[in-house]
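Report on one structure; see the data block that follows.
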Amino acid sequence: MATKTELLRFLRERNEYVSGQELCEFFQVSRTAIWKVMKQLKDEGYRIDSVQNKGYFLMECPDVLDFHEIESRLSTKWAGRELYYYKETTSTNIMIKEKAENGASHGALAVADKQTAGRGRRGRSWASPSGTNIAMSLLCRPQISPDKASMLTLLMGLAAAEAVIKITGLEAKIKWPNDIVVHGKKICGILTELTLEMDFIRYLVIGIGYNVNNGYNLTDVSQTFPEEIRDVAGSLFLESGKVVSRAELVAETLAIFEGLYDTFIREENLSFVLDRYNRILANMDTGVKVLDPQKPFTGTARGINAQGSLLVEKEDGQMEEVYSGEVSVRGLYGYV
Ligand code: BTN
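Counting in our numbering, the sequence shown runs from 7 upward without gaps.
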């Protein structure tokens with residue numbers, strides 16, 4: 007039996023009419039079996055044109071975020087290959103940690119359409135309403151020292167920004183250390199959680215929350231986000247005017263991250279991505295306030311170094327290295 011995943015991948019890759027005969031031969035199933043899967047897909051909102059003597063053509067994929075839609079788009083070797091999908095869950099970080107405790111492998115991924123107890127950084131909550139957002143958490147089992155783990159968060163930030171640029175064409179930027187912004191609005195946040203044993207990493211969970219199609223279907227888009235975050239939050243739909251496929255964004259983020267991760271594990275520093283990262287760093291050459299509880303200060307950001315620290319030039323010309331695990335920064339005149 008051809009699964010929905012296989013059929014979707016096949017039709018998407020061919021991007022032309024494919025005859026029922028060819029599908030039957032390829033999947034070694036009957037015409038009725040193919041017809042049944044096509045019907046299921048159409049019922050789920052996929053637009054599949056079927057023309058006698060020509061076959062089937064996948065015209066439009068709805069913004070479906072489910073197991074098959076994600077799996078059929080994956081091009082990775084390990085990232086997301088053990089996949090858990092939840093229509094609704096508390097928090098994908100919690101779910102993937104549970105899986106990790108039960109032996110899930112490196113690269114296991116939890117994705118949810120909706121979270122009821124999503125967590126943000128600094129103990130804040132993170133909203134992921136259904137039908138519009140992506141909540142995803144990737145399990146990594148790196149053999150590196152714990153003080154290097156924050157560099158993986160930076161790499162996920164880079165992967166997220168590049169995935170957004172590739173799919174939407176928007177000018178996504180990284181607000182160091184791990185927010186992605188478009189036109190100054192936050193469209194993605196990352197929360198990494200480490201589980202240590204003595205002084206080595208048992209596993210690490212990188213949780214990514216994207217605001218994707220928030221605002222679509224609302225007559226008053228100014229009501230898209232709750233008042234507390236309205237000034238700062240944005241969505242890819244609001245910034246581009248186009249509905250974005252969440253499954254495509256999940257798959258693209260993983261594809262880019264996997265490449266970065268594999269190189270990082272060999273090199274254990276960020277030299278190989280410095281230019282790539284600094285080119286899209288929203289804070290580059292801008293005034294920043296460094297919110298260090300011990301000694302807050304202001305200066306001009308000059309990019310990250312190979313350890314992932316932000317270099318901040320103080321007024322007296324002295325360069326400070328701000329370590330990403332400890333503090334965050336704000337723009338002098340606002341969030342970025
Ligand atoms: C931030 O505060 O900017 C980080 C937000 C991280 C949210 C994501 S959504 C998927 C994963 N599950 C969670 O509960 N949090 C992260």
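Built from N, CA and C at the ideal position, the CB exists for glycine as well. Being a predicted model, the structure only gives us computed values, none of them experimental.
- For Met162, which residues of its own chain have a beta-carbon under 7 angstroms away from its beta-carbon, when the five flanking residues on both sides are left out? Spatial neighbours of Met162 in its own chain (CB-CB distance under 7 angstroms, excluding positions within 5 residues in sequence) are listed in chain order as Ile196, Ile212, Ile214, Phe263.
- Quick one: measure Cβ to Cβ for Leu280 and Arg336, integer angstroms, because I've assumed they're closer than 8 angstroms. Between the beta-carbon of Leu280 and that of Arg336 there is about 23 angstroms, and that puts the pair past the 8 angstroms contact cut.
- Query: Rounded to whole angstroms, how far is the Cβ of Val51 from the Cβ of Val70, which I believe are closer than 8 angstroms?
  - Reply: A small fix is needed here, since residue 51 is Gly in this sequence, not Val. Rounded, the Cβ-Cβ distance is 7 angstroms, consistent with contact.
- In angstroms, rounded to a whole number, what distance separates the CA positions of Lys45 and Gln27? 17 angstroms
- Cα separation between Val249 and Val170? 13 angstroms
- Distance between Tyr209 and Pro148 (C-alpha atoms, nearest Å): 7 angstroms
- Task: Would you kindly check if the distance between the Cβ of Leu115 and the Cβ of Ala155 is under 7 angstroms?
- Result: no
- Report the three-state DSSP secondary structure of Tyr267 (helix, strand or coil). helix
- Message: Quick check on the DSSP output: what are the complete alpha helix (DSSP H) runs of length 4 or more inside the region 91 to 165, in order along the chain?
- Response: 98 to 107
- Return helix, strand or coil for Ile171, following the three-state DSSP convention. Ile171 falls in the helix class under three-state DSSP.
- Message: Quick check for students: name the residue ranges of the beta strand (DSSP E) that lie wholly in the region 261 to 308, counting only runs of 3 or more.
- Response: 293 to 296
- So what does DSSP say about Phe16, is it helix, strand or coil? helix
- Query: Among Ala123, Arg125, Leu266, Pro135, which one has its Cα closest to the Cα of Tyr222?
  - Reply: Pro135
- Coarse secondary structure for Asp49, derived from DSSP in three states: Reduced to three states, the DSSP call for Asp49 is helix.
- Query: Going by beta carbon distance, what residues of the same chain come within less than 6 angstroms of Tyr23, once the five residues before and after it are set aside?
  - Reply: Lys60, Gly61, Phe63
- Candidates Ala253, Glu326, Gly340, Ile271: closest to Leu89 by CA position: Ala253
- Task: Please classify Val188: does DSSP put it in a helix, a strand, or coil?
- Result: strand
- Nearest-angstrom Cα separation, counted from Leu244 out to Ile140: About 15 angstroms.
- Message: Using a Cβ-based criterion (distance less than 6 angstroms to any ligand heavy atom), does Gly195 qualify as near ligand 1?
- Response: yes
- What is the DSSP secondary structure of Val70, reduced to helix, strand or coil? coil
- Compute the distance between the beta-carbons of Ala118 and Thr138, then report whether it is under 7 angstroms. no
- Helix, strand or coil at Ala85 [DSSP, three-state]: coil
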